[in-house]
Amino acid sequence: MRLDKFLKVSRLIKRRTLAKEVADKGRITINGLQAKASSNVKVGDELKVRFGQKVVTATVDRLQESTRKEDAGTMYTIISEERLSDGPEE
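For the sequence shown, the residue numbers in the UniProt record's numbering are 1 to 90.
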């Protein structure tokens, strides 16, 4: 399944166009490699998505072409969420 579609269906990112933009800006990696919106996602892949000052790491648990809002969270498992620092703190 394409990365942008997975992000939309799983609701990690709400809109597919936004998922494409984030990927095109180099803010998503799959298993440590920079990903494009058209990159293929498989079960077991580790995704890192940077949202502003936050990085979310998740593993892909299952793939579905469509899902209900209530079931979207079962498509992935969040491993970590970390805040990026704005720079050296004094």
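Using N, Cα and C, we set each Cβ at its ideal position, and we do this for glycine too. A quick note: this is a predicted structure, and the numbers were derived from the prediction, not measured.
Fully enclosed beta strand (DSSP E) runs of no fewer than 3 residues occupy 28-30, 46-51 and 54-60 of the segment 17-76, in order along the chain. Cβ contact annotation for Ile79 (same chain, cutoff 7 Å, sequence separation greater than five): Thr57, Ala58 and Thr59, in chain order. In the DSSP assignment, Leu7 falls within the alpha helix (DSSP H) that extends over Leu3 to Val9. Judged by their CB atoms, Leu3 and Ala23 are nearer to each other than the 8 Å cut-off.
In this structure, Ala35 sits away from Ala19, with a CB-CB distance that is not shorter than 8 Å.
Straight-line measurement puts the Cα of Gln64 at about 10 Å from the Cα of Asp71.
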